[in-house]
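Participant: With my numbering applied, the sequence shown corresponds to residues 67 to 782, in that order.
Quick one: the structure is below, questions incoming.
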Amino acid sequence: MSISCMQSLGLAPLSRLNGITGLPYWLREVPGIIFRSDNEPFKKHMKRFVTMIVDKLKQEKLFAPQGGPIILAQIENEYNTIQRAFREKGDSYVQWAGKLALSLNANVPWIMCKQRDAPDPVINTCNGRHCGDTFYGPNKRNKPALWTENWTAQYRVFGDPPSQRSAEDLAYSVARFFSKNGSMVNYYMYYGGTNFGRTSASFTTTRYYDEAPLDEFGLQREPKWGHLKDVHRALSLCKRALFWGVPTTLKLGPDQQAIVWQQPGTSACAAFLANNNTRLAQHVNFRGQDICLPARSISVLPDCKTVVFNTQLVTTQHNSRNFVRSEIANKNFNWEMYREVPPVGLGFKFDVPRELFHLTKDTTDYAWYTTSLKLGRRDLPMKKNVSPVLRVASLGHGIHAYVNGEYAGSAHGSKVEKSFVFQRAVSLKEGENHIALLGYLVGLPDSGAYMEKRFAGPRSITILGLNTGTLDISQNGWGHQVGIDGEKKKLFTEEGSKSVQWTKPDQGGPLTWYKGYFDAPEGDNPVAIVMTGMGKGMVWINGRSIGRYWNNYLSPLKKPTQSEYHIPRAYLKPKNLIVLLEEEEGNPKDVHIVTVNRDTICSAVSEIHPPSPRLFETKNGTLQPKVNDLKPRAELICPGKKQIVAVEFASYGDPFGACGAYFIGNCTAPESKQVVEKYCLGKPSCQIPLDSIHFSDQNGACTHLRKTLAVQVKCA
67 MSISCMQSLG
77 LAPLSRLNGI
87 TGLPYWLREV
97 PGIIFRSDNE
107 PFKKHMKRFV
117 TMIVDKLKQE
127 KLFAPQGGPI
137 ILAQIENEYN
147 TIQRAFREKG
157 DSYVQWAGKL
167 ALSLNANVPW
177 IMCKQRDAPD
187 PVINTCNGRH
197 CGDTFYGPNK
207 RNKPALWTEN
217 WTAQYRVFGD
227 PPSQRSAEDL
237 AYSVARFFSK
247 NGSMVNYYMY
257 YGGTNFGRTS
267 ASFTTTRYYD
277 EAPLDEFGLQ
287 REPKWGHLKD
297 VHRALSLCKR
307 ALFWGVPTTL
317 KLGPDQQAIV
327 WQQPGTSACA
337 AFLANNNTRL
347 AQHVNFRGQD
357 ICLPARSISV
367 LPDCKTVVFN
377 TQLVTTQHNS
387 RNFVRSEIAN
397 KNFNWEMYRE
407 VPPVGLGFKF
417 DVPRELFHLT
427 KDTTDYAWYT
437 TSLKLGRRDL
447 PMKKNVSPVL
457 RVASLGHGIH
467 AYVNGEYAGS
477 AHGSKVEKSF
487 VFQRAVSLKE
497 GENHIALLGY
507 LVGLPDSGAY
517 MEKRFAGPRS
527 ITILGLNTGT
537 LDISQNGWGH
547 QVGIDGEKKK
557 LFTEEGSKSV
567 QWTKPDQGGP
577 LTWYKGYFDA
587 PEGDNPVAIV
597 MTGMGKGMVW
607 INGRSIGRYW
617 NNYLSPLKKP
627 TQSEYHIPRA
637 YLKPKNLIVL
647 LEEEEGNPKD
657 VHIVTVNRDT
667 ICSAVSEIHP
677 PSPRLFETKN
687 GTLQPKVNDL
697 KPRAELICPG
707 KKQIVAVEFA
717 SYGDPFGACG
727 AYFIGNCTAP
737 ESKQVVEKYC
747 LGKPSCQIPL
757 DSIHFSDQNG
767 ACTHLRKTLA
777 VQVKCA
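Here it is, written out as structure tokens:
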């Protein structure tokens with residue numbers, strides 16, 4: 067499940083109705099259909115679906131005029147990226163989709179993302195990372211500027227390196243957008259979640275958008291969570307000026323500017339001071355004040371006098387995620403195995419291999435193709451150092467090849483290039499030879515034009531290196547089987563697992579099922595399985611699939627894109643059946659269960675940090691501090707009902723690094739750790755003031771530097 071969170075100036079979550087969240091396989095088999103075009107068959111089914119959704123929401127009274135939470139509804143998504151592919155049929159489709167939405171009488175505004183020709187009164191909106199600078203604006207002056215997807219990172223596909231976006235860059239983009247007359251920002255994603263079972267799209271990882279403010283396990287990723295909360299708090303303090311004021315832009319330097327919102331005839335005033343120099347901090351003079359702006363940052367002044375927030379200076383805490391091996395779950399973890407046998411001479415025969423999407427119809431990832439051929443002694447290579455080569459040109463996504471019952475290897479495409487060519491030396495014999503290809507898919511298409519015309523599976527199959535030349539067996543006559551035997555027998559269930567004879571595991575082999583049992587892990591933290599030593603396949607817990615794994619598809623960093631896979635606590639019982647389907651040659655001996663926490667929390671605050679916007683409020687239109695002492699401080703709060711049990715790092719000086727990996731710099735106060743322990747040990751939360759009076763003299767070291775306090779503690 068995936069959740070995106072819409073936010074206006076404050077932090078109230080709003081619902082989002084997306085007009086295209088996924089197209090079922092059966093739709094592509096409707097005669098004459100062309101997806102997302104001015105095409106009658108497609109429009110018929112789209113109208114039926116969207117009408118059904120809106121009617122259900124009306125019945126539950128979920129739209130805002132009915133007292134519900136839905137204030138906006140969306141039809142289509144980023145259609146402009148493919149619109150030209152359909153020529154005039156694309157233009158007319160946009161108009162039709164907009165009119166369809168309006169005809170449903172939801173009584174809330176409708177939006178189209180990145181659609182400059184959205185028909186009135188549908189609102190065209192922005193998606194991206196920096197809509198404050200890239201959005202060309204609404205296509206009519208009476209429409210608000212809405213940011214429907216602020217990408218908090220990027221979803222990942224198998225083979226990708228990590229996708230990241232800093233909390234500072236995210237906060238900068240939000241402050242920039244609202245300073246330039248933005249009305250709403252929606253985060254994609256705020257919580258990514260998990261693609262359980264076979265629900266992920268083409269090559270998309272099982273873990274979806276883990277770099278969101280809420281990670282895959284629903285844990286707060288700091289400082290992204292807290293820094294976003296702070297930027298919205300700062301914006302909320304500016305709301306009177308933003309709602310009723312008139313903006314003015316002032317140049318403060320070569321790369322510096324102020325955008326000032328002032329309500330005429332009143333004291334309501336808010337200022338956004340921007341330093342767009344990406345390398346150097348700059349001092350600016352604003353209304354008689356000397357204000358330091360870090361590189362590429364925005365300072366927010368809700369009263370045009372007081373800096374309550376800077377996008378580059380994080381005052382909220384940081385944390386680091388820990389995967390802790392479960393003692394209980396991994397105790398007495400014994401595996402058994404059952405290996406599939408590649409089929410020979412299947413029925414359901416056609417001259418050529420059938421297209422893989424059409425063959426499987428989204429009921430499984432797998433389909434077998436089998437054929438046989440007779441070779442004479444003179445067909446085979448005469449030289450001992452020459453072997454025949456099996457070549458399979460495929461449209462995607464991957465295959466496993468067997469020749470005469472022996473595993474010959476595998477190959478696959480990628481998200482960018484689905485097609486691939488498999489080539490392996492194989493052992494052929496005089497007489498009858500049997501070839502079995504297991505084609506597999508990694509999700510349905512998720513974007514682009516003409517999705518109904520995407521194809522996968524073998525298209526050309528040849529044998530090279532024969533004494534009589536290259537042999538094309540593409541039209542040799544192929545038998546077919548949808549799915550593999552273990553799926554049909556439901557070996558992943560308690561009852562189904564009894565239908566075969568399980569044995570002790572060997573060193574690992576292709577197309578092997580592994581079965582084991584484990585006790586529910588201790589505590590109540592989220593649970594995951596670490597797939598060390600495995601290749602590619604799927605995992606079931608008590609008969610429920612937690613998704614595809616693919617550990618041997620390495621990123622350019624030579625690491626798996628994903629190694630840990632989420633097991634919801636709701637899936638667990640006191641004793642649990644786990645079943646793995648390993649397609650390649652992985653061995654489960656090092657697979658283990660872990661619990662997940664973010665109990666390592668940190669803070670890194672310098673003497674130039676502004677006070678947190680959480681320390682301010684507006685009373686009678688006037689900005690006021692909630693406390694007397696607004697000096698910078700390090701703040702730490704343990705998750706849940708935990709307490710700080712250890713101070714793992716503390717340095718008042720010029721430390722460097724990140725949470726989980728801090729290092730002492732050129733200078734540090736010797737008793738930094740003792741000071742932090744005094745304020746924090748044994749407490750669920752603490753505040754450490756950044757005041758040299760609490761730290762000893764540093765023998766004159768780093769006297770020219772502004773000091774930073776970096777702290778890392780453990781909660782339990």
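We put the beta carbon where it would ideally sit given N, CA and C, even for glycine.
Are there three or more Cβ pairs, one per stretch, closer than 8 Å when the stretch 535-548 is compared with the stretch 414-422?
Facilitator: As far as the Cβ criterion goes, the stretch 535-548 touches the stretch 414-422, which means the pair count is three or higher.
Participant: Curious, which full-length alpha helix (DSSP H) runs of at least 4 residues does the stretch 689-754 contain?
Facilitator: Runs of the alpha helix (DSSP H) inside the stretch 689-754: 738-746.
Participant: Reducing DSSP to helix, strand and coil, say where Q604 ends up.
Facilitator: Mapped onto the sequence shown, residue 604 falls at position 538. The residue you asked about is not Gln; residue 604 is Met in the sequence shown. Correct three-state label for M604: strand.
Participant: Given that a residue counts as buried once 16 or more other Cβ atoms are within 10 Å of its Cβ, and exposed if not, what is G589?
Facilitator: Translated into the one-based positions of the sequence shown, residue 589 becomes position 523. That one is exposed.
Participant: Could you say which of C179, E560, T214 lies nearest to G609 if we only look at CA atoms?
Facilitator: For the purposes of this step, residue 609 is identified with residue 543 of the sequence shown, where counting begins at 1. Among C179, E560, T214, the Cα nearest to that of G609 belongs to E560.
Participant: For K317, name the three-state secondary structure that DSSP assigns.
Facilitator: Your numbering for residue 317 matches position 251 in the sequence shown. Of the three classes helix, strand and coil, the one that applies to K317 here is strand, per DSSP.
Participant: Please state whether DSSP places N591 in a helix, a strand or coil.
Facilitator: Along the sequence shown, one-based indexing puts residue 591 at 525. Of the three classes helix, strand and coil, the one that applies to N591 here is coil, per DSSP.
Participant: Our contact map puts G601 next to E650 with C-beta atoms below 8 Å; I'd like the distance itself, whole angstroms only.
Facilitator: Here residue 601 refers to the residue found at position 535 when the sequence shown is read from its first residue. Here residue 650 refers to the residue found at position 584 when the sequence shown is read from its first residue. With 8 Å as the limit, G601 and E650 qualify as a contact, their Cβ atoms being about 3 Å apart.
Participant: Residue range of the beta strand (DSSP E) that M597 falls in?
Facilitator: In the sequence shown, residue 597 corresponds to position 531, counting from 1. That residue, M597, is in no beta strand (DSSP E); it is neither H nor E in DSSP.
Participant: Okay, do the stretch 746-757 and the stretch 684-703 touch, 3+ Cβ pairs below 8 Å being the bar?
Facilitator: The answer is yes - the stretch 684-703 touches the stretch 746-757, with three or more Cβ pairs under 8 Å.
Participant: Between which two residues does the beta strand (DSSP E) holding L503 run?
Facilitator: Position 437 of the sequence shown, counting from 1, holds the residue named residue 503. 497-506 is the span of the beta strand (DSSP E), which, as asked, contains L503.
Participant: Rounded to the nearest angstrom, what separates V312 and Y159 at their Cα positions?
Facilitator: Residue numbering aside, residue 312 sits at position 246 when the sequence shown is read from its first letter. Residue numbering aside, residue 159 sits at position 93 when the sequence shown is read from its first letter. Taking the straight line from one Cα to the other gives about 38 Å.
Participant: Do you know offhand how far S540's Cα is from S526's?
Facilitator: Locating residue 540 in the sequence shown gives position 474, where the first residue counts as 1. Locating residue 526 in the sequence shown gives position 460, where the first residue counts as 1. Cα to Cα, S540 sits roughly 5 Å from S526.
Participant: Taking only the alpha-carbon atoms, compute the straight-line gap between H500 and S493 and give it to the nearest angstrom.
Facilitator: Working through the sequence shown from its first residue, we reach residue 500 at position 434. Working through the sequence shown from its first residue, we reach residue 493 at position 427. Between H500 and S493, the C-alpha separation is close to 11 Å.
Participant: Within the 9 Å Cβ cut-off, does P622 reach chain B?
Facilitator: No chain B appears in this structure, which consists of one protein chain only.
Participant: Rounding to the nearest angstrom, what Cα-Cα distance links N694 and F309 in this structure?
Facilitator: Along the sequence shown, read from residue 1 onward, the residue named residue 694 stands at position 628. Along the sequence shown, read from residue 1 onward, the residue named residue 309 stands at position 243. Taking the straight line joining both Cα atoms gives about 29 Å.
Participant: From W291 to L301, what does the alpha carbon distance come to, in whole angstroms?
Facilitator: Position 225 of the sequence shown, counted from the first residue, corresponds to residue 291. Position 235 of the sequence shown, counted from the first residue, corresponds to residue 301. Near 16 Å, if we compare the C-alpha coordinates of L301 and W291.
Participant: Are at least three pairs of beta-carbons, each pair with one atom in the stretch 673-692 and one in the stretch 369-376, less than 8 Å apart?
Facilitator: As far as the Cβ criterion goes, the stretch 673-692 touches the stretch 369-376, which means the pair count is three or higher.
Participant: Flag this pair as touching only if the stretch 511-524 and the stretch 262-278 have three or more C-beta atom pairs under 8 Å; answer yes or no.
Facilitator: Result yes; three or more Cβ-Cβ pairs closer than 8 Å.
Participant: Among the candidates W162, A172, E154, G194, whose CA atom is the shortest distance from the CA of D235?
Facilitator: By 1-based counting over the sequence shown, the position of residue 235 is 169. The residue with the shortest Cα to Cα distance from D235 is G194.
Participant: Is there contact here, the stretch 211-218 with the stretch 245-258, by at least three beta-carbon pairs under 8 Å?
Facilitator: Contact holds: three or more Cβ-Cβ distances are below 8 Å.
Participant: Does H463 come out as helix, strand or coil in the three-state DSSP assignment?
Facilitator: Translated into the one-based positions of the sequence shown, residue 463 becomes position 397. Three-state DSSP puts H463 in coil, outside helix and strand.
Participant: When the Cα atoms are used, what is the spatial distance from S103 to W176?
Facilitator: Here the question's residue 103 lines up with position 37 in the sequence shown. Here the question's residue 176 lines up with position 110 in the sequence shown. Cα-Cα distance, rounded: 20 Å.
Participant: Can you give, in chain order, each stretch of the beta strand (DSSP E) that sits fully within the stretch 156-213 and has at least 3 residues?
Facilitator: The qualifying runs are 176-179, 189-194.
Participant: With a CB to CB cut of under 7 Å and the five nearest residues on each side skipped, what residues in its chain are close to R391?
Facilitator: Taking the first residue of the sequence shown as position 1, residue 391 is located at position 325. Correct list, in chain order: H658, V660.
Participant: Suppose only complete runs of 3+ residues qualify. What are the beta strand (DSSP E) ranges in the stretch 341-417, listed by chain order?
Facilitator: The qualifying runs are 348-352, 355-359, 363-367, 384-391, 402-405.
Participant: Is the beta carbon of N400 closer than 9 Å to that of Y38?
Facilitator: This structure leaves residue 38 out entirely; the chain is present only between 67 and 782.
Participant: Classify N591: buried if its beta carbon has 16 or more other beta carbons within 10 angstroms, exposed otherwise.
Facilitator: Within the sequence shown, residue 591 is the residue found at index 525, counting from 1. That one is buried.
Participant: What do you reckon, are the CB atoms on L339 and L318 nearer than 9 Å?
Facilitator: Within the sequence shown, residue 339 is the residue found at index 273, counting from 1. Within the sequence shown, residue 318 is the residue found at index 252, counting from 1. Yes, the Cβ-Cβ distance between L339 and L318 is below 9 Å.
Participant: Ignore the nearest five residues each way along the sequence and tell me which others in N663's own chain have a CB closer than 6 Å to its CB.
Facilitator: Position 597 of the sequence shown holds residue 663. Around N663: N388, N591.
Participant: Would you give the residue range spanned by the alpha helix (DSSP H) that Q146 belongs to?
Facilitator: Translated into positions along the sequence shown, residue 146 becomes position 80. The residue you asked about is not Gln; residue 146 is Asn in the sequence shown. Its alpha helix (DSSP H) spans residues 146-149.
Participant: Please report the distance separating the alpha-carbon of N173 from that of P131.
Facilitator: If you number the sequence shown from 1, residue 173 lands on position 107. If you number the sequence shown from 1, residue 131 lands on position 65. Each residue's Cα considered, the two are about 7 Å apart.
Participant: Nearest CA to the CA of A586: which residue from M597, I612, K639, L623?
Facilitator: For this step, residue 586 is matched to residue 520 along the sequence shown. Ranking the options by Cα distance to A586, first place goes to K639.
Participant: Over what stretch of residues does the alpha helix (DSSP H) that includes D296 continue unbroken?
Facilitator: Counting from one through the sequence shown, the residue named residue 296 turns up at place 230. Note, D296: alpha helix (DSSP H), 290-303.
Participant: What are the start and end residues of the beta strand (DSSP E) that includes T437?
Facilitator: Position 371 of the sequence shown, counted from the first residue, corresponds to residue 437. From DSSP, the beta strand (DSSP E) with T437 extends over 432-441.
Participant: Compare the beta carbon distance of S563 and V487 with 9 Å and say whether it is the shorter of the two.
Facilitator: Taking the first residue of the sequence shown as 1, we reach residue 563 at position 497. Taking the first residue of the sequence shown as 1, we reach residue 487 at position 421. Not a contact, by the Cβ cut-off of 9 Å.
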